[in-house]
Amino acid sequence: METIRVGTRGSELAIAQTNEAIERIEAAFPGYRCEKVIISTTGDRFTDVSLDKLGSNGLFTNEIEHEMREGRIDIAVHSGKDLPSYTAPPFSIPAVLKRSYPTDCLLYRRSDLDITKNSEFEGLIIGTSSSRREYLAKKYYPLCTIELIRGNIQTRLNKLKDGKYDLIFMAKAAIERSKALDMDGIGVIDLPAERFVPAACQGIIAIEALETGRFVPVLEGINDGPTKVLFDSERLLMRLLKASCHDETGVNIAVEDGMCRIHAFYRESGIMTRTCPVEGLKETIELLAKELQA
C-alpha cells in the first residue's frame, strides 16, 4: 500500500473537499491510501481584513505550493475559485472533480426577514469579503449596507445567527459540501448565474501536483473531462482580462446539448451573455475578453 500525502487547508469546507478527492482516488486506485496534511495559508491567518487588501494572488495556495516544492506533500486539493488564473511550472492541475453548484446564494434568519416584503433588502446589512459580490450587491440592492465578514463557514453562520448581519453571501456548493453545518432557522435565497455571475471556477474542486510528480497519472485517472473544459476556459478568460479572484469580475460557463452559455462581467462592463458550440469555446472566450475590456 503506497501513501499519497494530500495538502489541504484546515477549514471545514477544505477538509470536506479533500475527503471527496481522497474517496475518488482510493476508490479508483485501491493500492493507494491518502494521508491529509493540514497547512495554514495567508488567507487563513489574516481574517480581520478583506482578501483584496492582502494581495492579488496565492492567498490560499502559496504556502501549500511551498510544502509541495519542499517534498512534504505529494498533491494538494483546492477550491477552484481560490486558484490564480494560471498555474506556473513546476506545478500543474492534472485533475478536477465534477462541478457542483457554481452559483451564489444569500443566507438569512427566517424569523427576522420576510423577503416577500423586503426583496430589495432596504436598510439591511449584508456580509461579504468578496469584491465581486459587493459590486453586484450594490448594483441589485442599492438600499442595503455592505460590511466585511471573514472566517470559516460556521463562524460566518454564527455571526448571522447572532444578528451581526441580516444576510450573508455564500457559495451554494459550500453549503452542499459542508454537511455538518448548523442551518437550523436559516433561509436560503438562490442567486441565478445569469444575474449574479459567480466567480470563475466556483463549485470546482481542483487537484494540484508537480508537473513531474509520480502521482500525476493517478490524478489524471479521476479527472472529470467536461468540468476540466469549463475550468480551463473560465481561467482563460480571467487570464486574458489580467484579473484576479479578488477583482470585480465574474464568469460562468454552462454546457447543455453541446452548446455553451457564457455569462461574464468585468468591472463596469455590464453582464454579457454569449452562446457557442463547445468546439468554438476558446475563440468565443478570446473575443469576449476583448469586448469586456472595450
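Reminder that position 164 of the sequence shown reads as 397 in the numbering used here, one-by-one numbering, no gaps.
Cβ coordinates follow ideal geometry from the N, Cα and C atoms, glycine included.
A quick note: this is a predicted structure, and the numbers were derived from the prediction, not measured.
Could you compute how far the alpha carbon of residue i sits from the alpha carbon of residue j?
{"i": "residue 305", "j": "residue 500", "result": "39 Å"}
{"i": "residue 234", "j": "residue 272", "result": "24 Å"}
{"i": "residue 474", "j": "residue 344", "result": "42 Å"}
{"i": "residue 249", "j": "residue 349", "result": "34 Å"}
{"i": "residue 422", "j": "residue 353", "result": "13 Å"}
{"i": "residue 375", "j": "residue 436", "result": "27 Å"}
{"i": "residue 371", "j": "residue 303", "result": "44 Å"}
{"i": "residue 300", "j": "residue 346", "result": "45 Å"}
{"i": "residue 507", "j": "residue 329", "result": "24 Å"}
{"i": "residue 532", "j": "residue 504", "result": "Because residue 532 is not part of the residues shown, which for the chain are 234 to 527, the question remains open."}
{"i": "residue 360", "j": "residue 384", "result": "11 Å"}
{"i": "residue 525", "j": "residue 236", "result": "46 Å"}
{"i": "residue 297", "j": "residue 326", "result": "14 Å"}
{"i": "residue 390", "j": "residue 419", "result": "9 Å"}
{"i": "residue 356", "j": "residue 410", "result": "32 Å"}
{"i": "residue 378", "j": "residue 398", "result": "10 Å"}
{"i": "residue 340", "j": "residue 445", "result": "43 Å"}
{"i": "residue 307", "j": "residue 323", "result": "13 Å"}
{"i": "residue 388", "j": "residue 428", "result": "28 Å"}
{"i": "residue 263", "j": "residue 366", "result": "42 Å"}
{"i": "residue 287", "j": "residue 293", "result": "Note that residue 287 scores 47 on pLDDT, short of 50, meaning its location in the model is unreliable and no value can be drawn from it."}
{"i": "residue 454", "j": "residue 440", "result": "12 Å"}
{"i": "residue 430", "j": "residue 382", "result": "20 Å"}
{"i": "residue 483", "j": "residue 268", "result": "34 Å"}
{"i": "residue 460", "j": "residue 396", "result": "38 Å"}
{"i": "residue 275", "j": "residue 512", "result": "39 Å"}
{"i": "residue 260", "j": "residue 246", "result": "21 Å"}
{"i": "residue 485", "j": "residue 516", "result": "16 Å"}
Tell me the residue span of the beta strand (DSSP E) that contains residue i.
{"i": "residue 311", "result": "308-312"}
{"i": "residue 340", "result": "337-342"}
{"i": "residue 508", "result": "505-510"}
{"i": "residue 326", "result": "324-329"}
{"i": "residue 297", "result": "Taken as a continuous stretch (DSSP letters only), residue 297 belongs to no beta strand (DSSP E), being part of the alpha helix (DSSP H) at 295-302."}
{"i": "residue 268", "result": "265-271"}
What are the start and end residues of the alpha helix (DSSP H) that includes residue i?
{"i": "residue 368", "result": "364-373"}
{"i": "residue 519", "result": "514-526"}
{"i": "residue 316", "result": "Note, residue 316: premise wrong, no alpha helix (DSSP H); not H, not E."}
In this structure, does DSSP put residue i in helix, strand or coil?
{"i": "residue 385", "result": "coil"}
{"i": "residue 403", "result": "strand"}
{"i": "residue 236", "result": "strand"}
{"i": "residue 345", "result": "coil"}
{"i": "residue 394", "result": "helix"}
{"i": "residue 353", "result": "coil"}
{"i": "residue 361", "result": "strand"}
{"i": "residue 256", "result": "helix"}
{"i": "residue 419", "result": "strand"}
{"i": "residue 287", "result": "With a pLDDT of 47 at residue 287, under the threshold of 50, the modelled position of that residue is not reliable, and the figure given next carries that caveat. It is coil, neither helix nor strand."}
{"i": "residue 246", "result": "helix"}
{"i": "residue 251", "result": "helix"}
{"i": "residue 241", "result": "strand"}
{"i": "residue 427", "result": "coil"}
{"i": "residue 320", "result": "coil"}
{"i": "residue 274", "result": "coil"}
Could you tell me if the beta carbon of residue i falls within a distance shorter than 6 Å of some heavy atom in the ligand MN?
{"i": "residue 326", "result": "What this structure holds is no ligand at all, so the ligand MN is not there to describe."}
For my contact list, residue i and residue j are in at a C-beta cut-off of 8 Å; report their separation, rounded to the angstrom.
{"i": "residue 510", "j": "residue 426", "result": "That pair is no contact at about 20 Å."}
{"i": "residue 468", "j": "residue 434", "result": "6 Å"}
{"i": "residue 364", "j": "residue 479", "result": "6 Å"}
{"i": "residue 470", "j": "residue 522", "result": "6 Å"}
{"i": "residue 528", "j": "residue 404", "result": "What the structure shows of the chain is the stretch from 234 to 527, and residue 528 is not part of that stretch, so it cannot be assessed."}
{"i": "residue 253", "j": "residue 438", "result": "6 Å"}
{"i": "residue 342", "j": "residue 393", "result": "7 Å"}
{"i": "residue 317", "j": "residue 466", "result": "Wrong, their Cβ atoms sit about 16 Å apart, outside the cutoff."}
{"i": "residue 270", "j": "residue 242", "result": "The Cβ separation is near 11 Å, so there is no contact."}
{"i": "residue 309", "j": "residue 240", "result": "4 Å"}
{"i": "residue 514", "j": "residue 332", "result": "About 15 Å separates the two Cβ atoms, so there is no contact after all."}
{"i": "residue 265", "j": "residue 472", "result": "Their Cβ separation, rounded to whole angstroms, is 33 Å, which puts residue 265 and residue 472 out of contact at 8 Å."}
Report the residue ranges of all beta strand (DSSP E) runs contained in full by the stretch 438-496; include only those spanning at least 3 residues, in chain order. Those beta strand (DSSP E) runs which fall completely within the stretch 438-496 and span 3+ residues are 438-443, 482-489.
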